[in-house]
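Asker: Got a structure for you, written out below as structure tokens; questions coming shortly.
Residue numbers (our numbering): 2 to 428.
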């Protein structure tokens with residue numbers, strides 16, 4: 002009997018503690034939500050200079066385990082006049098925030114880490130009746146966002162597949178199809194580091210080429226993008242990476258192939274990622290501390306039945322103190338490596354595909370014709386850039402193999418050596 006009483010007592014204490022923690026967390030959210038919305042608004046407005054966004058909170062209702070409120074997001078076109086200057090509503094819906102430490106809604110999604118807040122969202126019919134209808138009379142976008150007690154945000158969204166014509170979306174002169182999409186964003190609430198991942202099963206756009214010819218469609222299958230940015234407040238620079246790939250691109254009936262890109266970078270000026278200076282850094286007072294830049298295009302590849310096009314670039318500089326690089330900065334280059342391989346056979350195959358989109362395959366004659374045209378057009382282009390050559394010794398195409406280091410006054414350019422002064426003068 003005593004054991005049962007003890008067990009009941011422990012459960013009661015845990016229950017009271019959970020309720021108390023949830024209520025306390027609700028108070029934390031209430032006390033900080035206005036400041037957080039201001040920060041989010043500022044961040045959005047600082048990353049672009051075309052629109053001014055505004056987020057308005059209303060109908061705030063706090064309960065023990067959740068808080069309900071209404072959010073309205075508007076966007077105004079900057080430097081607009083008359084009707085274009087009026088704010089346009091892009092989000093106007095109710096939102097429920099579930100309080101931590103272990104929101105039931107989060108547990109239901111398989112998230113067992115402590116969460117200060119958990120928000121679930123489904124786009125309503127009232128928010129966008131057109132998208133609701135196109136998604137099969139269900140929410141076009143669903144998802145959730147979690148905020149840890151360390152103020153780390155994770156947002157996961159999913160979108161339904163839709164097919165729209167000009168009747169539904171007047172801005173499109175054709176047919177737009179979007180496959181299912183998945184979008185993940187991770188960041189500290191300060192915005193000091195952001196990682197995003199986008200996965201879309203299919204993007205298709207069909208448009209008429211003329212009144213007399215057949216319509217042509219462009220289909221991108223399995224688009225994936227993964228980007229990470231980490232802000233260094235000391236040097237006002239950003240370190241990060243970018244990965245992207247497509248399984249295939251279909252143009253008409255032609256499969257153009259598949260491709261991928263892989264980039265790493267360190268020390269890039271943060272204003273390359275923002276069109277406006279941060280609040281507190283007016284133009285006249287802003288200075289950028291000296292720093293180093295490292296940029297690596299690890300891989301840029303395109304593959305089709307004729308072969309591959311590849312591009313690699315590695316670049317590093319020291320003691321950079323501005324966003325612009327001029328001739329005086331060339332001595333600051335620590336290393337540069339460039340390698341380009343673009344055989345004419347591969348380029349010609351793609352060119353022939355573009356010229357014959359409504360055929361299943363290209364013929365050898367079409368490829369030969371495209372190859373001849375490419376060689377004639379590229380001859381003048383290659384002759385004007387010393388770092389390009391029309392052969393790698395085995396096959397014809399557009400090639401480049403360049404390397405330089407800081408401790409040498411010579412640059413290796415396609416198997417020969419030139420001075421740095423000559424190399425940069427002819428760029």
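Ideal Cβ placement from N, Cα and C applies to all residues, glycine included.
(1) Specify whether the stretch 114 to 123 and the stretch 139 to 159 touch according to this definition: at least 3 beta carbon pairs, one from each stretch, less than 8 Å apart.
(2) Check for me: the beta strand (DSSP E) holding residue 254 runs from which residue to which?
(3) Which residue or residues does DSSP assign as beta-bridge partners of residue 52?
(4) If you reduce the DSSP assignment to three classes, tell me which class residue 333 lands in.
(5) Have a look at the DSSP bridge pairing and note the partners of residue 209.
(6) Please report the straight-line C-alpha distance between residue 279 and residue 40, rounded to a whole angstrom.
(7) What does the alpha-carbon distance come out to for the pair residue 229 and residue 185?
(8) Can you list, in chain order, the stretches of the alpha helix (DSSP H) that have 4 or more residues and sit fully within the stretch 103 to 134?
(9) Within the same chain, show all residues whose beta-carbon is closer than 7 Å to that of residue 420, passing over the 5 residues directly before and after it, in chain order.
(10) Taking the alpha carbon of residue 295 as the point to measure from, which residue in 223, 335, 56 has its own alpha carbon closest?
(11) If you draw a straight line from the alpha carbon of residue 235 to that of residue 268, how long is it in whole angstroms?
(12) Distance check for residue 400 and residue 368, CA to CA, integer angstroms please.
(13) Would you report the Cα separation of residue 52 and residue 357, rounded to the nearest angstrom?
(14) Here's the rule: buried if 16 or more other CB atoms are within 10 angstroms of the residue's CB, otherwise exposed. What is residue 350?
(15) Anyone know if the C-beta pair for residue 374 and residue 253 falls short of 8 Å?
(16) Measuring only the C-alpha atoms, how far is residue 1 from residue 223?
(17) Quick check: what's the CA-CA separation for residue 56 versus residue 376?
(18) Give the straight-line distance between the Cα atoms of residue 417 and residue 299, rounded to the nearest whole angstrom.
(19) Taking contact to mean at least 3 C-beta pairs separated by less than 8 Å, is the stretch 341 to 355 in contact with the stretch 255 to 269?
(20) Does DSSP classify residue 376 as helix, strand or coil?
(21) From the DSSP secondary-structure annotation, give me the bridge partner or partners of residue 344.
(22) Leaving out the 5 sequence neighbours to the left and right, which residues in its chain are closer than 6 Å to residue 343 when beta-carbon positions are compared?
(23) In three-state DSSP terms, what is residue 228?
(24) Whole-angstrom Cβ separation of residue 305 and residue 347, contact assumed at under 8 Å?
(25) Considering only their Cβ atoms, is the gap separating residue 182 from residue 160 smaller than 8 Å?
(26) How close, in whole Å, do the beta carbons of residue 93 and residue 73 come, if the pair is a contact with beta carbons under 8 Å?
(27) Between which two residues does the beta strand (DSSP E) harbouring residue 418 extend?
(28) Helix, strand or coil: which one does DSSP assign to residue 428?
(29) Count the other C-beta atoms from every protein chain shown that fall within 10 angstroms of the C-beta of residue 318, then say buried if there are 16 or more, exposed otherwise.
Answerer: Let me spell this out:
(1) Taking one beta carbon from each stretch, the stretch 114 to 123 and the stretch 139 to 159 have 3 or more pairs nearer than 8 Å; the two touch.
(2) Counting along the chain, no beta strand (DSSP E) covers residue 254, and no H or E run does either.
(3) Answer is 78, bridged to residue 52.
(4) Here DSSP, grouped into helix, strand and coil, assigns residue 333 to helix.
(5) The partner list for residue 209 (beta bridge, DSSP) reads 216.
(6) Note that residue 279 scores 42 on pLDDT, short of 50, meaning its location in the model is unreliable; the coordinates nonetheless yield the value given after this. Within the model, the alpha-carbon separation for residue 279 versus residue 40 is close to 12 Å.
(7) Taken atom to atom, the span from the alpha-carbon of residue 229 to that of residue 185 is near 12 Å.
(8) Runs found: 105 to 109.
(9) Same-chain partners within the cutoff: 410, 411.
(10) It is 335.
(11) Rounded to the nearest angstrom, the two C-alpha atoms are 11 Å apart.
(12) About 20 Å.
(13) Our two residues, residue 52 and residue 357, have alpha carbons roughly 41 Å apart in a direct line.
(14) With 16 or more Cβ atoms within 10 Å of its Cβ, residue 350 is classed as buried.
(15) No; because the gap between Cβ atoms is not below 8 Å, this pair is not in contact.
(16) Limits of the chain in this structure are 2 at one end and 428 at the other, which puts residue 1 out of reach.
(17) Roughly 55 Å separates the two Cα atoms.
(18) About 24 Å.
(19) Output reads yes: the stretch 255 to 269 touches the stretch 341 to 355.
(20) Of the three classes helix, strand and coil, the one that applies to residue 376 here is helix, per DSSP.
(21) For residue 344, which the question treats as bridged, DSSP gives the partners 398.
(22) Result list for residue 343: 310, 398, 399, in chain order.
(23) Looking at residue 228 - three-state DSSP - the assignment turns out to be strand.
(24) Indeed, because the Cβ distance is near 6 Å, the residues count as touching under 8 Å.
(25) Cβ atoms of residue 160 and residue 182: closer than 8 Å.
(26) Taking C-beta atoms under 8 Å as the contact rule, residue 93 and residue 73 qualify, at a distance of about 5 Å.
(27) Counting along the chain, the unbroken beta strand (DSSP E) around residue 418 starts and ends at 417 to 420.
(28) It is coil, neither helix nor strand.
(29) Using a 10 angstroms sphere on the CB of residue 318, the tally of other CB atoms reaches 16 or more, which defines it as buried.
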